[in-house]
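Just so you know, the UniProt record's numbering puts 50 at position 50 of the sequence shown, and the rest follows in order with no gaps.
Even for Gly, the Cβ is constructed at its ideal location relative to N, Cα and C.
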Amino acid sequence: MLLEIVRQVRRYKAEQGLSVGATLECIKLTTATATISMLQAAQCDIQSATRAQILDLEVQPDESAASLEPLQIEIVLAKA
């Protein structure tokens, strides 16, 4: 899952014409309750690999939806 987060962030940066090393203001990760503790444990690694100033972790409100989409990623660019 961590590699998937990094992959999606890198793809987003490429689509936006940004350097891989570009700073992001925030990455919001929404996932199932069972996955949150793993993401919390890897928070520093995720922030370092993605250059995110803030990592916002949230639990999906509907656990049945979690089985369809295990991880949602929302990215906010750093303000210039």
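Inter-residue Cα distance where the pair is residue i and residue j
i     : j     : result
Glu74 : Ile27 : 6 angstroms
Ser48 : Pro61 : 27 angstroms
Ser19 : Ile36 : 28 angstroms
Lys13 : Ala78 : 12 angstroms
Of the residues the options, the one placed nearest residue i, counting alpha carbons only
i     : options                       : result
Leu2  : Leu29, Ala78, Ser19 and Thr23 : Leu29
Leu71 : Ala22, Met38 and Ile54        : Met38
Opening and closing residue of the beta strand (DSSP E) in which residue i lies
i          : result
residue 81 : Because the chain is modelled from 1 through 80, residue 81 falls outside the range shown and cannot be assessed.
Gln43      : Taken as a continuous stretch (DSSP letters only), Gln43 belongs to no beta strand (DSSP E), being part of the alpha helix (DSSP H) at Gln43 to Thr50.
Gln60      : It is not in any beta strand (DSSP E) - Gln60 carries neither H nor E in the DSSP assignment.
Neighbourhood of residue i by C-beta, 7 angstroms cutoff - its chain only, sequence neighbours within 5 removed
i     : result
Ala42 : Leu2
Val6  : Ala49 and Thr50
Same chain, Cβ closer than 6 angstroms to residue i, neighbours up to 5 away in sequence not counted
i     : result
Gln53 : Glu25
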